[in-house]
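J.: Pasting in a structure now, in structure tokens, and then I'll have a few things to ask.
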Amino acid sequence: MDLTTSEEYASQSKLLQEFTKVPSIDSAWVLKNNNDGISTAMFSISQPDLLANRTRKYSMYCHIKGAGTNSRDFQWSPFPTEMTGVSVIVPSPSGSKLLIVRNGEKGCPTKLEIVDQSHVEKEIHVGQSMHGPLYTDEWFHGISWNQEETLIAYIAEAPPQPRPVFSDSGYRKGDSSDEDCNTWKGQGDWEEDWGERYSKKGRPSLFVLDIASGEVRAAEGIATSLSVGQVVWVPPSSSGSQTYLVFVGWLEHNGFHNTARKLGIKYCSNRPCALYAIASPFERPETENKPVCDGKSDSAASAHNLTASISSAFFPRFSQDGKILLFLSAKQAVNSGAHNATDSLHKINWLSDWKMDKQLDVTEVPIVMCPEDGCFLGLYCSSILSNPWLSDGCTMILTSAWRSTEVILSINVLSGKVTRITPEDSHYSWSALAIDGDNVLAVSSSPIDPPHIRYGRQVTPEGQTRRWTWDEVDSPLRTARDRVKSLLSHHSVTILQIPVANPSDDLSDGGKLPFEAIFVSCKDSSHSPTVVVLHGGPHSVSVSSYVKSSAFLASLGFNLLIVNYRGTPGYGEEALQSLPGKVGSQDVRDCLTAIDHVINEKLIDASKVAVVGISHGGFLTTHLIGQAPDRFVAGAARNPVCNLALMIGTTDIPDWCYMVACGTEAKKYASESPSPDHLRLFYEKSPIAHVSKVKAPLLMLLGGADLRVPVSNGLQYARALRERGGQVKIMMFPEDIHEIIIPRSNFESFLNIGVWFMTHLK
Numbered sequence: 030m031d032l033t034t035s036e037e038y039a040s041q042s043k044l045l046q047e048f049t050k051v052p053s054i055d056s057a058w059v060l061k062n063n064n065d066g067i068s069t070a071m072f073s074i075s076q077p078d079l080l081a082n083r084t085r086k087y088s089m090y091c092h093i094k095g096a097g098t099n100s101r102d103f104q105w106s107p108f109p110t111e112m113t114g115v116s117v118i119v120p121s122p123s124g125s126k127l128l129i130v131r132n133g134e135k136g137c138p139t140k141l142e143i144v145d146q147s148h149v150e151k152e153i154h155v156g157q158s159m160h161g162p163l164y165t166d167e168w169f170h171g172i173s174w175n176q177e178e179t180l181i182a183y184i185a186e187a188p189p190q191p192r193p194v195f196s197d198s199g200y201r202k203g204d205s206s207d208e209d210c211n212t213w214k215g216q217g218d219w220e221e222d223w224g225e226r227y228s229k230k231g232r233p234s235l236f237v238l239d240i241a242s243g244e245v246r247a248a249e250g251i252a253t254s255l256s257v258g259q260v261v262w263v264p265p266s267s268s269g270s271q272t273y274l275v276f277v278g279w280l281e282h283n284g285f286h287n288t289a290r291k292l293g294i295k296y297c298s299n300r301p302c303a304l305y306a307i308a309s310p311f312e313r314p315e316t317e318n319k320p321v322c323d324g325k326s327d328s329a330a331s332a333h334n335l336t337a338s339i340s341s342a343f344f345p346r347f348s349q350d351g352k353i354l355l356f357l358s359a360k361q362a363v364n365s366g367a368h369n370a371t372d373s374l375h376k377i378n379w380l381s382d383w384k385m386d387k388q389l390d391v392t393e394v395p396i397v398m399c400p401e402d403g404c405f406l407g408l409y410c411s412s413i414l415s416n417p418w419l420s421d422g423c424t425m426i427l428t429s430a431w432r433s434t435e436v437i438l439s440i441n442v443l444s445g446k447v448t449r450i451t452p453e454d455s456h457y458s459w460s461a462l463a464i465d466g467d468n469v470l471a472v473s474s475s476p477i478d479p480p481h482i483r484y485g486r487q488v489t490p491e492g493q494t495r496r497w498t499w500d501e502v503d504s505p506l507r508t509a510r511d512r513v514k515s516l517l518s519h520h521s522v523t524i525l526q527i528p529v530a531n532p533s534d535d536l537s538d539g540g541k542l543p544f545e546a547i548f549v550s551c552k553d554s555s556h557s558p559t560v561v562v563l564h565g566g567p568h569s570v571s572v573s574s575y576v577k578s579s580a581f582l583a584s585l586g587f588n589l590l591i592v593n594y595r596g597t598p599g600y601g602e603e604a605l606q607s608l609p610g611k612v613g614s615q616d617v618r619d620c621l622t623a624i625d626h627v628i629n630e631k632l633i634d635a636s637k638v639a640v641v642g643i644s645h646g647g648f649l650t651t652h653l654i655g656q657a658p659d660r661f662v663a664g665a666a667r668n669p670v671c672n673l674a675l676m677i678g679t680t681d682i683p684d685w686c687y688m689v690a691c692g693t694e695a696k697k698y699a700s701e702s703p704s705p706d707h708l709r710l711f712y713e714k715s716p717i718a719h720v721s722k723v724k725a726p727l728l729m730l731l732g733g734a735d736l737r738v739p740v741s742n743g744l745q746y747a748r749a750l751r752e753r754g755g756q757v758k759i760m761m762f763p764e765d766i767h768e769i770i771i772p773r774s775n776f777e778s779f780l781n782i783g784v785w786f787m788t789h790l791k
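Quick note on this note's numbering: the sequence shown kicks off at 30 and runs consecutively.
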């Protein structure tokens, strides 16, 4: 490292720490107090700890006074409380108790703590013989208190299958559960997991804790081929004399041609799933309880499929009176094969005397195919609040992508009316945190303005119709330091409409509509260097929210052109489905069209353009520097897809390779043994087909434990580029995954991207 580069490292690392140290709000709950007009909000906060290479977790409380009035007073606790060793926290429905989960590591038991308002009421240690760690991710995660606050249902890894035990005498027959100094355990049969982010996790299962006795029981009647998640209790008023649980189940037979394979599920809503109902295990005799069901229980106890009529159902939520069960469906993704698509909202009218032999009807909110200007674009939800209901019991609050922004929607589940309740004349993105009666606690941010807590309420100005107003909440949460605010204050944000260049006649109407780009510009943008930022997926979206890494690049004096090319969710189903089968061409043209647009508008300097992307964004990055080699000064790619022909045999989502390359024909052709013609097609659609034309220096950042796009993809491309005399720098993070999220890895990754671009662009 020369002196100039060393000084740049020192300067940028100091600045990047200013961004890194700022805490993030992960989730929030509003707890009702006995005092009228007072609520308590509890926030879960995280902060990277680079020295310890972990993420710190904190909790903070805030009393909200003045419910029912036009003014609110927010009184915060003086300091946050660090939750060392805590995996997840979940308050009870009344807010009088708190579940604290401490997942055991390396064979240690999991600890479940029940905390009331003054002390730890109960501590239960659950050994590995009952189950492994609880799932705390956003997909399988499900922790649910019953209304009486006597039972807690949750999802945890099933105990491992027995492994053979050997000694000097050979195989030890009989009970092989124990191991001593004279024996060792073999590997046994290989168990498949759910791919990226779920390494060595393949059997999420349902368990229920009885708080009073401290006993944990596994749910019965669930076949071992079913992975379980997102459990909720059926409210007492809707379950009669029987106590039921509703959960999401994914069958492991989702491989090609219905073979038994667990294809990667992270970021993949196209995996078939259904809602199931089952009786509480504490209504079964104790002697019948088993850690994991063998799938052969009597039919009366077996899980009942509630949504057999559709291919996808998840995020179940009961209305407050228990009469309606709401859930999302990704049936468009399942049926088309696209890994994400437009969601639909469904409801089941739940019968108070329902028995498991009765089938329930399902209705839905229609999907938007080709949206008109200003109209509802469809649902694109990555999560739903645990309690999304306003006090009327029929209006739910959702956060959804809406073109290049994220908005908060209210949906009347009786009429189906959808209303955007966040400001329409804003480039800010919004996300709902919790519901407080008829009000909404949320955060809003923009690419250059860190998150602010907002409190939404409905008002009726004199002579006007009822509308939502959003108050900014003064909080002690430090969202940005003064230096960061100063550097970003010289930037502005615009969402640009980009017309499709020369649309072909075979495109659907939605596929011909303009796409968008978020332009974060410096004060003198036409003379400043520009970094094109590309999201992955391809069916994911870059919304106009605050992202520390992008804000860091902007603070260095770069314009940012964040392109939401066609295929991005948030623009209607037709636009999204226009991309499969056309990757490497349509999406590349969209990126170049967006760059041409800002050049023609004299917004940027065409001679100072770089590009960065992750996953499919890295696919586009390496495509662009190959297909348009004279237009980019430098590139950076994080875990990029560079060769589909190589990826097909190593990734956890081989179906994705067929879908992006073959489009609507993907399901017909998909196979674990691709034909020579398909391997040729995969290669031709890949960046490596253009590697000989690359001129721009490339920074390659790879996660050594990436199961989605294994490092062989990036290494092959980098070595091929180097073989041809290209300038390439490779950084490997051996223990990191596809996202590169370990604190030190993430820090070093973006530090090097910043230095790389500063070196080549300035």
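Cβ atoms here follow ideal geometry from the backbone N, Cα and C, with glycine treated the same way.
What are the start and end residues of each continuous alpha helix (DSSP H) run of 4 or more residues lying completely inside the segment 630-691, in chain order?
T.: Runs of the alpha helix (DSSP H) inside the segment 630-691: 645-656, 673-676, 683-691.
J.: Please report how far the alpha carbon of residue 639 lies from the alpha carbon of residue 615, in whole angstroms.
T.: Walking along the sequence shown from the start, residue 639 turns up at place 610. Walking along the sequence shown from the start, residue 615 turns up at place 586. Residue 639 and residue 615: Cα-Cα distance of roughly 20 Å.
J.: Just list the alpha helix (DSSP H) runs in the segment 569-621, keeping only unbroken ones of 4 residues or longer that don't cross its boundaries, in chain order.
T.: DSSP runs (the alpha helix (DSSP H)) wholly in the segment 569-621: 577-584, 602-606.
J.: Who are residue 212's beta bridge partners in DSSP?
T.: Numbered from its first residue, the sequence shown carries residue 212 at position 183. Paired residue(s): 196.
J.: I'd like to confirm the pairing. Which residues does DSSP put opposite residue 698 in its beta bridges?
T.: Position 669 of the sequence shown holds residue 698. Residue 698 pairs with nothing; no bridge assigned.
J.: Does the ligand SAM have even one heavy atom less than 8 Å from the beta-carbon of residue 387?
T.: You won't find the ligand SAM in this model; it holds no ligand whatsoever.
J.: Between residue 338 and residue 357, is the Cβ-Cβ spacing less than 9 Å?
T.: On the sequence shown, residue 338 is found 309 positions in, with the first residue counted as 1. On the sequence shown, residue 357 is found 328 positions in, with the first residue counted as 1. Result no, Cβ atoms of residue 338 and residue 357 do not sit closer than 9 Å.
J.: The beta strand (DSSP E) spanning residue 378 covers which residue range?
T.: Here the question's residue 378 lines up with position 349 in the sequence shown. Residue 378 -> beta strand (DSSP E) spans 373-378.
J.: Counting only the same chain and skipping the five closest in sequence on each side, list residues whose C-beta sits under 6 Å from that of residue 465.
T.: Taking the first residue of the sequence shown as position 1, residue 465 is located at position 436. So the list reads 59, 68, once near-sequence residues are dropped.
J.: May I have a chain-ordered list of the beta strand (DSSP E) segments no shorter than 3 residues that lie completely inside the segment 499-539?
T.: DSSP runs (the beta strand (DSSP E)) wholly in the segment 499-539: 521-527.
J.: May I have the straight-line CA-CA distance separating residue 403 from residue 431, to the nearest angstrom?
T.: Mapped onto the sequence shown, residue 403 falls at position 374. Mapped onto the sequence shown, residue 431 falls at position 402. Cα-Cα distance, rounded: 10 Å.
J.: Alpha carbon to alpha carbon, how far is residue 324 from residue 305?
T.: Your numbering for residue 324 matches position 295 in the sequence shown. Your numbering for residue 305 matches position 276 in the sequence shown. Only weak support is given to the placement of residue 324: the predicted model assigns it a pLDDT of 39, under 50, and the question is left unresolved by the model.
J.: Smallest Cα separation from residue 241: which of 700, 185, 177?
T.: Your numbering for residue 241 matches position 212 in the sequence shown. Nearest of 700, 185, 177 to residue 241, Cα basis: 177.
J.: Considering only DSSP beta bridges, list what residue 545 is partnered with.
T.: Mapped onto the sequence shown, residue 545 falls at position 516. For residue 545, which the question treats as bridged, DSSP gives the partners 526, 593.
J.: Measuring alpha carbon to alpha carbon, tell me which of 421, 598, 309 ends up nearest residue 410.
T.: Numbered from its first residue, the sequence shown carries residue 410 at position 381. For residue 410, the nearest C-alpha among the options comes from 598.
J.: Which residue wins for smallest C-alpha separation from residue 709, given the options 691, 726, 725, 392?
T.: To locate residue 709, count along the sequence shown from 1; it is residue 680. Ranking 691, 726, 725, 392 by Cα distance to residue 709 puts 691 first.
J.: According to DSSP, is residue 785 helix, strand or coil?
T.: Here residue 785 refers to the residue found at position 756 of the sequence shown. Looking at residue 785 - three-state DSSP - the assignment turns out to be helix.
J.: For residue 317, which residues from the same chain have a beta carbon less than 6 Å from its beta carbon, with the 5 sequence-adjacent residues on both sides left out?
T.: The residue given as residue 317 occupies position 288 in the sequence shown. Note that residue 317 scores 44 on pLDDT, short of 50, meaning its location in the model is unreliable; the coordinates nonetheless yield the value given after this. Within the same chain, residue 317 has no close Cβ partners at all.
J.: As a quick exercise: from 619, 123, 632, pick the residue whose alpha carbon is nearest that of residue 550.
T.: The residue labelled residue 550 in the question sits at position 521 within the sequence shown. Closest option to residue 550, Cα to Cα, is 632.
J.: How would you call residue 21, buried or exposed, if buried means at least 16 neighbouring beta carbons within 10 angstroms?
T.: Outside the shown range of the chain, which is 30 to 791, sits residue 21, and nothing can be said about it.
J.: Would residue 792 pass as a contact of residue 256 if the rule is Cβ separation under 9 Å?
T.: Because the chain spans 30 through 791 in this model, residue 792 falls outside it and cannot be assessed.
J.: Quick check on residue 34: does DSSP put it in helix, strand or coil?
T.: Indexing the sequence shown from 1 puts residue 34 at position 5. Helix at residue 34.
J.: Keeping to the same chain, check which residues put their C-beta closer than 7 Å to that of residue 520; ignore five residues upstream and five downstream.
T.: Counting from one through the sequence shown, the residue named residue 520 turns up at place 491. Cβ within range, chain order: 477, 549, 550, 551, 583.
J.: Take residue 623 and list the residues in its own chain whose beta-carbon comes closer than 6 Å to its own, dropping the five residues that flank it on each side.
T.: On the sequence shown, position 594 is the one that residue 623 refers to. So the qualifying residues of the chain are 527, 546, 592.
J.: Check whether the segment 505-524 touches the segment 372-390, counting contact only when three or more Cβ pairs, one atom from each stretch, lie closer than 8 Å.
T.: No, the segment 505-524 does not touch the segment 372-390.
J.: Can you name, in chain order, every residue of its own chain whose Cβ lies under 7 Å from the Cβ of residue 773, other than the five neighbours on each side?
T.: Looking up residue 773 in the sequence shown gives position 744. Only 79, 82 meet the Cβ criterion.
J.: My output table needs one value for residue 283: the three-state DSSP class, helix, strand or coil.
T.: Position 254 of the sequence shown, counting from 1, holds the residue named residue 283. Coil.
J.: Look up residue 39 in the DSSP assignment and say whether it is helix, strand or coil.
T.: On the sequence shown, residue 39 is found 10 positions in, with the first residue counted as 1. Residue 39: helix per DSSP, three-state reduction.
J.: Under 9 Å between the Cβ atoms of residue 230 and residue 737?
T.: Sequence index remark: in the sequence shown, residue 230 carries index 201 (1-based). Sequence index remark: in the sequence shown, residue 737 carries index 708 (1-based). Going by C-beta atoms, residue 230 is not nearer than 9 Å to residue 737.
J.: Can you tell me where the beta strand (DSSP E) with residue 76 in it begins and where it stops?
T.: Mapped onto the sequence shown, residue 76 falls at position 47. Its beta strand (DSSP E) spans residues 67-78.
J.: Quick check on DSSP: helix, strand or coil for residue 483?
T.: The residue you call residue 483 lines up with position 454 of the sequence shown. It is a strand residue.
J.: What three-state label does DSSP hand residue 247 in the structure shown?
T.: Looking up residue 247 in the sequence shown gives position 218. Residue state, collapsed to three classes: strand.
J.: Tell me whether residue 496 is buried or exposed, calling it buried when 16 or more other Cβ atoms sit within 10 Å of its Cβ.
T.: Start at 1 with the first residue of the sequence shown, and residue 496 comes out as number 467. By the neighbour-count rule (16 or more Cβ atoms within 10 Å), residue 496 is not buried but exposed.
J.: Would you check if the distance between the CB atom of residue 648 and the CB atom of residue 642 is smaller than 9 Å?
T.: Walking along the sequence shown from the start, residue 648 turns up at place 619. Walking along the sequence shown from the start, residue 642 turns up at place 613. Contact: yes.
J.: To the nearest angstrom, how far is it from the Cα of residue 172 to the Cα of residue 127?
T.: By one-based count along the sequence shown, residue 172 stands at place 143. By one-based count along the sequence shown, residue 127 stands at place 98. Computed Cα separation, rounded: 12 Å.
J.: Give me, in chain order, the residues of the same chain whose beta-carbon lies closer than 7 Å to that of residue 536; leave out the 5 immediate sequence neighbours on both sides.
T.: Counting from 1 along the sequence shown, the entry for residue 536 is found at position 507. Once the five neighbours on either side are set aside, the close Cβ partners of residue 536 are 607.
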